[in-house]
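Numbering (our numbering), first residue to last: 704 to 778.
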């Protein structure tokens with residue numbers, strides 16, 4: 704039973720950390736575009752973009768480009 708309790712407490716701690724992380728960042732208004740081939744880290748990057756950046760990135764993705772290339776003018 705001790706192992707079960709440790710696992711449960713560990714999962715509760717992980718859930719608390721994930722909820723805290725979600726509360727700090729901006730909330731995405733456009734769902735992550737899973738229908739397009741994404742590069743590693745794109746899903747996390749997507750959540751940090753403004754709605755305008757997400758919409759521009761969708762246009763780039765639909766033309767076969769990448770999310771990062773859509774941000775070139777913002778850097």
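Glycine included, C-beta positions come from ideal geometry on N, C-alpha and C.
Just checking: is the beta-carbon of residue i within a distance shorter than 9 Å of some beta-carbon in chain D?
| i | result |
| --- | --- |
| residue 736 | Although the question refers to chain D, the structure presented lacks it and comprises just one protein chain. |
For residue i and residue j, I'd like the C-alpha separation in whole angstroms.
| i | j | result |
| --- | --- | --- |
| residue 737 | residue 750 | 13 Å |
| residue 769 | residue 740 | 9 Å |
| residue 753 | residue 773 | 12 Å |
| residue 761 | residue 743 | 17 Å |
| residue 745 | residue 758 | 14 Å |
| residue 775 | residue 765 | 17 Å |
Shortest alpha-carbon distance to residue i belongs to which of the options?
| i | options | result |
| --- | --- | --- |
| residue 747 | 735, 755, 767 | 735 |
| residue 733 | 765, 742, 743, 755 | 755 |
Could you pull the start and end residues of the alpha helix (DSSP H) that residue i belongs to?
| i | result |
| --- | --- |
| residue 773 | 770-773 |
| residue 753 | That residue, residue 753, is in no alpha helix (DSSP H); it is neither H nor E in DSSP. |
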